[in-house]
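In our numbering, the protein residues as written are 136 to 315.
Let me begin by presenting the structure, written as structure tokens, before commenting on it.
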Amino acid sequence: MSLPSDNIVSMRYPGYGKSSGTPEEDSIIKNGVALAKRFTEQGRKVTLVGYSLGTGIATAVAAELPNHAVEKIVLIAPYDSLREVVRSYTPFFIDPLLEDMQHAFHSVDYLQESSAPVTIIEAGNDRPRWKMATQRLKDSIPKERLTQYEIVAGADHTFVKESNPWYNQVRLNQLFQKTI
Numbered sequence: 136m137s138l139p140s141d142n143i144v145s146m147r148y149p150g151y152g153k154s155s156g157t158p159e160e161d162s163i164i165k166n167g168v169a170l171a172k173r174f175t176e177q178g179r180k181v182t183l184v185g186y187s188l189g190t191g192i193a194t195a196v197a198a199e200l201p202n203h204a205v206e207k208i209v210l211i212a213p214y215d216s217l218r219e220v221v222r223s224y225t226p227f228f229i230d231p232l233l234e235d236m237q238h239a240f241h242s243v244d245y246l247q248e249s250s251a252p253v254t255i256i257e258a259g260n261d262r263p264r265w266k267m268a269t270q271r272l273k274d275s276i277p278k279e280r281l282t283q284y285e286i287v288a289g290a291d292h293t294f295v296k297e298s299n300p301w302y303n304q305v306r307l308n309q310l311f312q313k314t315i
């Protein structure tokens, strides 16, 4: 998959792959905000893109930036709250323990702190619980802010990596308003 050549920057999760550190919500958000501010402090707008777990980070970073600095938020296979996703997989008697979950990534709450337009791309064949989490997130966004909602038919949760490469290139270029 290739993306437009226009200033694309990504960050690694601490503690994953070749990155050092531990994957804690606060530090990941802090790193994302610092990275975005390198551009916004130059008067440039940013488009924040998150995939799966990264959608919580993208929404959290958007919440920390001035509204005028975020051009749009693109969420691929998103969720409403990591806590709610975990809750959907656990027995009811575990619920009290989840309230103390350290890294909850409450995307719904983060999006309330930003006024940037939102694009959601959902995998058509995603796991039912994940689809419900995406639906809850979608339902929480005011209609005027949800500027694009797309379901990729036949795709599962890993569709960004494994689906049709042509689709990925064309769609991502369209999302960034570029031509290939």
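For glycine and all other residues, C-beta sits at the position ideal for the given N, C-alpha and C.
Whole angstroms is fine: what's the gap from residue i's alpha carbon to residue j's?
i: residue 288; j: residue 203; result: 34 Å
i: residue 258; j: residue 197; result: 23 Å
i: residue 244; j: residue 254; result: 17 Å
i: residue 327; j: residue 191; result: In the structure as shown, the chain starts at 136 and stops at 315, and residue 327 therefore has no counterpart that could be examined.
i: residue 169; j: residue 162; result: 10 Å
i: residue 173; j: residue 156; result: 22 Å
i: residue 210; j: residue 159; result: 20 Å
i: residue 282; j: residue 252; result: 6 Å
i: residue 185; j: residue 208; result: 8 Å
i: residue 260; j: residue 247; result: 28 Å
i: residue 154; j: residue 280; result: 34 Å
i: residue 212; j: residue 187; result: 5 Å
i: residue 166; j: residue 145; result: 11 Å
i: residue 263; j: residue 277; result: 23 Å
For my contact list, residue i and residue j are in at a C-beta cut-off of 8 Å; report their separation, rounded to the angstrom.
i: residue 182; j: residue 206; result: 5 Å
i: residue 193; j: residue 164; result: With a Cβ gap of about 10 Å, residue 193 and residue 164 do not count as contacting.
i: residue 240; j: residue 275; result: Between residue 275 and residue 240 the Cβ distance is about 14 Å, and since that is not below 8 Å, they are no contact.
If you follow the alpha helix (DSSP H) that residue i is in, where does it begin and where does it stop?
i: residue 190; result: 188-199
i: residue 167; result: 160-175
Taking residue i as part of the beta strand (DSSP E), name the residues at either end of that continuous run.
i: residue 207; result: 205-211
Excluding the five sequence neighbours on either side, which residues of its own chain have a C-beta within less than 7 Å of the C-beta of residue i, listed in chain order?
i: residue 150; result: 156, 157 and 158
i: residue 291; result: 258, 260 and 261
Apart from the five residues on each side of it in sequence, which residues of its chain come closer than 6 Å, Cβ to Cβ, to residue i?
i: residue 178; result: none
Notebook entry, point to check: Can you give, in chain order, each stretch of the beta strand (DSSP E) that sits fully within the segment 229-289 and has at least 3 residues?
Noted result: 253-258 and 281-287
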